[in-house]
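J.: According to the UniProt record's numbering, the stretch in the sequence shown is residues 1 to 335, in order.
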Amino acid sequence: MEALSIVIQGPIETSECSIPVIMKRLRQMRVLFPLAEIILSTWCFTPNEEWLRQRQLKVMGIKVIQSPDPGPLECTDGSGKYRNNINRLLVSTQAGLAAVTRPLTIKMRSDCFLSGRAIIGLLNQFFADDMVLHRQHDYAVFSRQLITSSWVTRDARGSLPYLFHPGDIFIAGRTEDVRLYFSAPLATTAIFSPVTTSGMWCAWRYVPEQWLWVNAIFKQRGKWVFDGNFSTSSDLIERSERYFLSNFIVFNPRQLALHWPKYRSKYLCRGLFSTYNYRRWRYCYNQVFGTKRERLLGATFSVPIFIWRQGYRFRVRLLRNTTIRRIALCIFSHR
Numbered sequence: 001m002e003a004l005s006i007v008i009q010g011p012i013e014t015s016e017c018s019i020p021v022i023m024k025r026l027r028q029m030r031v032l033f034p035l036a037e038i039i040l041s042t043w044c045f046t047p048n049e050e051w052l053r054q055r056q057l058k059v060m061g062i063k064v065i066q067s068p069d070p071g072p073l074e075c076t077d078g079s080g081k082y083r084n085n086i087n088r089l090l091v092s093t094q095a096g097l098a099a100v101t102r103p104l105t106i107k108m109r110s111d112c113f114l115s116g117r118a119i120i121g122l123l124n125q126f127f128a129d130d131m132v133l134h135r136q137h138d139y140a141v142f143s144r145q146l147i148t149s150s151w152v153t154r155d156a157r158g159s160l161p162y163l164f165h166p167g168d169i170f171i172a173g174r175t176e177d178v179r180l181y182f183s184a185p186l187a188t189t190a191i192f193s194p195v196t197t198s199g200m201w202c203a204w205r206y207v208p209e210q211w212l213w214v215n216a217i218f219k220q221r222g223k224w225v226f227d228g229n230f231s232t233s234s235d236l237i238e239r240s241e242r243y244f245l246s247n248f249i250v251f252n253p254r255q256l257a258l259h260w261p262k263y264r265s266k267y268l269c270r271g272l273f274s275t276y277n278y279r280r281w282r283y284c285y286n287q288v289f290g291t292k293r294e295r296l297l298g299a300t301f302s303v304p305i306f307i308w309r310q311g312y313r314f315r316v317r318l319l320r321n322t323t324i325r326r327i328a329l330c331i332f333s334h335r
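1) Using DSSP with H/G/I as helix, E/B as strand and the rest coil, what is Thr322?
2) For my contact list, Leu104 and Ala3 are in at a C-beta cut-off of 8 Å; report their separation, rounded to the angstrom.
3) Take Tyr263 and list the residues in its own chain whose beta-carbon comes closer than 7 Å to its own, dropping the five residues that flank it on each side.
4) Suppose contacts are defined by Cβ-Cβ distances below 8 Å. Is Phe248 in contact with Leu89 by that definition?
5) May I ask you to verify whether the segment 232–246 touches the segment 113–132, counting CB pairs closer than 8 Å and requiring at least 3?
6) Under the DSSP definition of a beta bridge, which residues are partnered with Asn247?
7) Counting along the chain, where does the beta strand (DSSP E) carrying Asp77 start and finish?
8) Any idea which residues DSSP pairs Thr196 with across the strands?
9) Verify whether the separation of the beta carbon atoms of Tyr276 and Thr153 is less than 8 Å.
10) At what residues does the beta strand (DSSP E) containing Ala128 begin and finish?
11) Under the rule that 16 or more other beta-carbon atoms within 10 Å means buried, what is Gln136, buried or exposed?
12) Would you kindly report the start and end of the unbroken beta strand (DSSP E) that includes Asn85?
13) Let me check one thing: in DSSP terms, what residues is Ser5 bridge-paired to?
14) With DSSP as the reference, identify every bridge partner of Gly80, one or two as the case may be.
15) Suppose you measure from the CA of Gln66 to the CA of Leu97; what does that come to, to the nearest Å?
16) Using the Cβ count rule (16 or more neighbours within 10 Å means buried), how would you classify Thr300?
17) From this set, Ser115, Leu114, Asp138, Phe142, which residue's C-alpha is nearest Phe127's C-alpha?
18) Where are the beta strand (DSSP E) runs, 3 residues long or more, that stay fully inside the segment 153–198, in chain order?
19) Enumerate in chain order the residues of its own chain whose CB-to-CB distance from Phe113 is below 6 Å, with the five nearest sequence positions on each side excluded.
20) Whole-angstrom Cβ separation of Val100 and Ser5, contact assumed at under 8 Å?
21) Could you tell me how far apart the beta carbons of Ser149 and Leu272 are, in whole angstroms, since I believe they sit closer than 8 Å?
22) Can you tell me whether Leu272 is helix, strand or coil according to DSSP?
23) Taking 7 Å as the limit between beta carbons, can you name the residues of its chain near Lys219, skipping five residues before and five after?
24) Tell me the residue span of the beta strand (DSSP E) that contains Lys63.
25) Which two residues bound the contiguous beta strand (DSSP E) that contains Ile147?
26) Please report the straight-line C-alpha distance between Leu296 and Asp168, rounded to a whole angstrom.
27) Along the chain, where does the alpha helix (DSSP H) that runs through Phe142 open and close?
28) Just to confirm, are Arg83 and Pro68 a CB contact at a threshold of 8 Å?
29) By Cβ distance, which residues of its chain are closer than 6 Å to Thr189, with the 5 residues on each side in sequence left out?
This is the structure:
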């Protein structure tokens, strides 16, 4: 697909993924998408990594963008140090997207990979001129909806009450829209604000996905729609949902042929019943835009949400204790 650019963003070597593994995945991407523009946007190579840029990546026809690593955003409270990689995400993603020359773009992380070409069919289906999904004008931010993965794409009515929280693991759509989604300014420590709401304790006023989305909305529509995780109401939940449904289409990883090994090893079942899958997105979309054919799915989904939410509320009570938070931070933080 000659109209397509693929931006692969992130480090080329981590504790979970070695350089040979990354190189194998990049070769696989080139075989799957021989006509696409492929861009690896990463950090400045160490001397031991420089040969990759000079030899293998050049042979594969992969453009390399190197940026200085801004490091994590770090803040502390009585329970310890919290890390947030939002500025790393912004620096390397914006640099990669600036080099894109094609009208359609996929942005994905370097620790993910595609094993098939399913996304080509979806791009052809949803970005053809005669295929325009219903949207609410007052909530439209992008020129067309973006395709995203169900991973960490929070349902505003799910078991964890994160609002204005689309996923950022995999994004595909018109290049201008992908650039807008990742156009937020660098964050400061002002986004650190440990808060407790019903069923949720969070160290951050905005987690990275929220920071991206509320800034994109502000840039396009000129209004700041969400004051952070200490804000919640039935009106905010509805607005969060309508903004999401008017701007995103959710697919399950299997539908995208998308793989994220870190999910199974680090995040499996975390946030259960708090994210959209394709069927849940389709149900909510039909409810908002007038087709009521899937009432049963919505009704059955509410039962596990209620049960799981009670567990999260109990967890919040525990996390109010500084010592318990310190232990949880050591066990569950994977930044």
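All residues carry an ideal CB built from backbone N, CA and C; glycine is no exception.
T.: Straight from the coordinates:
1) helix
2) 5 Å
3) Trp151
4) no
5) no
6) Answer is none; Asn247 lacks a bridge partner.
7) Counted as a single uninterrupted DSSP element, the beta strand (DSSP E) harbouring Asp77 occupies residues 73–77.
8) In the DSSP secondary-structure assignment, Thr196 is bridged to Trp201.
9) The answer is yes: Cβ separation under 8 Å.
10) Here Ala128 belongs to no beta strand (DSSP E), and DSSP marks it neither H nor E.
11) exposed
12) Asn85 -> no beta strand (DSSP E), and no H or E assigned at all.
13) Glu37, Thr105
14) Asp77
15) Near 13 Å, if we compare the C-alpha coordinates of Leu97 and Gln66.
16) Low per-residue confidence applies at Thr300: pLDDT is 47, beneath 50, and the placement is therefore not dependable, though the value from the model is reported in the following sentence. Result: exposed.
17) Phe142
18) 170–174, 192–197
19) Arg25, His259
20) 4 Å
21) That belief does not hold up - the Cβ atoms of Ser149 and Leu272 are roughly 16 Å apart, past 8 Å.
22) coil
23) Answer for Lys219: Leu180, Ser183, listed in chain order.
24) 62–67
25) 146–149
26) Only weak support is given to the placement of Leu296: the predicted model assigns it a pLDDT of 45, under 50, and the value that follows is read from those uncertain coordinates. Cα-Cα distance, rounded: 29 Å.
27) Premise fails: Phe142 is in no alpha helix (DSSP H) and is neither H nor E.
28) no
29) Cys75
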